[in-house]
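Working notes for the structure below.
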Amino acid sequence: MFSDHYFLCLRTIQICSFFSMKLLVFNPSHDEALASNSPYYYPSKAAQLQAERFAGKRFPWAKDGDVCWTLGDAVDWDAITEIQPWGWDPLLRHQLLRAGAPERLLPSEEQIQRIRQLSSRQTVVTLLPLLRTDVAESFGEAQFCTSFEAVEHALQSWGEVVLKSPWSCSGRGVFRANGSLTEAQQGRVHRILREQGGIEVEPFYAHEQDFAMEFSYHDGQLLYEGLNVFQTTPSGQYLSNLSPELLRVSPDVLAAVRRSLQQHLPSILGADYRGPLGVDMMQQAGKVHPCVEINLRRTMGQF
């Protein structure tokens, strides 16, 4: 039933062996699949609805010669030079293998696990202090807790906090607490610790704007692609994109953040990832939180 949830096509394309091309995949359950870490994960209703929302639409990043395809259709895999999904995860690898994709076009299971590790919020906690050191007009703290006691200590230190599961997106897996955890929240924290090995805790910031820097990463080079300003719900769920001209941050500050990311992030990613990525940020009184979230995938800013 994979084809019900993964949409890549606008048109029917006959793939000929003499014409090389890329295969594009939209798998919006990517973040959920990373959290599950199972090749047999079944996407949530929210992910299914998101996939249905973009069914039949040509992806903005598709170029001439790219194949926008629905899994389940016949493909001459010898003609495909590269597969470019929304993001790589164990479920997508498994489903592509079942569709007949050869190993030469897929990351290995070990590479998928490394991408999963790098996609964890632990990477945010590692990168954030490096960026803060470089960028004077910045703010933000975060701690990755692997025990309930560490979570309680962070609550005592910061008071009102935001707790985030290691793999989550669009506000799902994210919740707030003020000074203490309710019984239901305690159960939620224990479950995340048990199932995902840790949880990120950060102070709550009443910020003014959400935005992201978009990059592509290849051969150790982090290439800047542009800005994405967007709206979210109070719980952090994505709503819509806004004009980048609305961002109220000095160009000098943005340039400093970009340079710092280009200096530090490649040393963290190494050779274990290649492709698009986005770094979510926030703005408050002209200062920037330079690393709220790192997405090793395409982002909603490209729709």
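Every letter in the sequence shown is one number past the one before it in our numbering, and letter 229, counting from 1, is 757. The C-beta atom is built at its ideal place from N, Cα and C for all residues, glycine as well.
Residue i, enclosing beta strand (DSSP E) - first and last residue
i, result
"residue 817", "815-823"
"residue 746", "737-746"
"residue 760", "749-760"
"residue 612", "608-613"
"residue 812", "803-812"
"residue 731", "727-731"
"residue 789", "Taken as a continuous stretch (DSSP letters only), residue 789 belongs to no beta strand (DSSP E), being part of the alpha helix (DSSP H) at 779-797."
Own chain residues within Cβ distance below 6 angstroms of residue i, not counting five before or after
i, result
"residue 617", "558, 561, 562"
"residue 800", "642"
"residue 686", "731"
"residue 615", "558, 825"
"residue 804", "744, 826"
7 angstroms Cβ cutoff met for residue i and residue j
i, j, result
"residue 579", "residue 556", "yes"
"residue 829", "residue 740", "yes"
"residue 757", "residue 774", "yes"
"residue 744", "residue 755", "no"
"residue 672", "residue 650", "yes"
"residue 807", "residue 822", "yes"
"residue 802", "residue 718", "no"
"residue 794", "residue 764", "no"
"residue 819", "residue 646", "no"
"residue 619", "residue 567", "yes"
"residue 634", "residue 644", "no"
"residue 571", "residue 605", "no"
Euclidean distance between Cα positions of residue i and residue j
i, j, result
"residue 784", "residue 662", "7 angstroms"
"residue 701", "residue 728", "11 angstroms"
"residue 770", "residue 826", "17 angstroms"
"residue 600", "residue 623", "9 angstroms"
"residue 581", "residue 788", "36 angstroms"
"residue 696", "residue 716", "14 angstroms"
"residue 766", "residue 574", "13 angstroms"
"residue 607", "residue 660", "46 angstroms"
"residue 725", "residue 653", "15 angstroms"
"residue 666", "residue 811", "9 angstroms"
"residue 613", "residue 753", "18 angstroms"
"residue 594", "residue 603", "13 angstroms"
Delimiting residues of the alpha helix (DSSP H) encompassing residue i
i, result
"residue 573", "573-581"
"residue 679", "676-686"
"residue 716", "711-724"
"residue 826", "No alpha helix (DSSP H) contains residue 826, which DSSP labels as neither H nor E."
Proximity test, Cβ basis, 7 angstroms: residue i and chain B
i, result
"residue 651", "Checking the listed chains, one finds no chain B in this structure; it contains a single protein chain."
Contact test: residue i Cβ vs the ligand COA heavy atom, cutoff 6 angstroms
i, result
"residue 669", "Ligands are entirely absent from the displayed structure, and the ligand COA is therefore not among its contents."
Same chain, Cβ closer than 7 angstroms to residue i, neighbours up to 5 away in sequence not counted
i, result
"residue 669", "730, 731"
Quiz item: Just checking, does the stretch 627-647 make contact with the stretch 804-815 on the three C-beta pairs under 8 angstroms criterion?
Solution: no
Quiz item: Are there three or more Cβ pairs, one per stretch, closer than 8 angstroms when the stretch 683-692 is compared with the stretch 700-717?
Solution: yes
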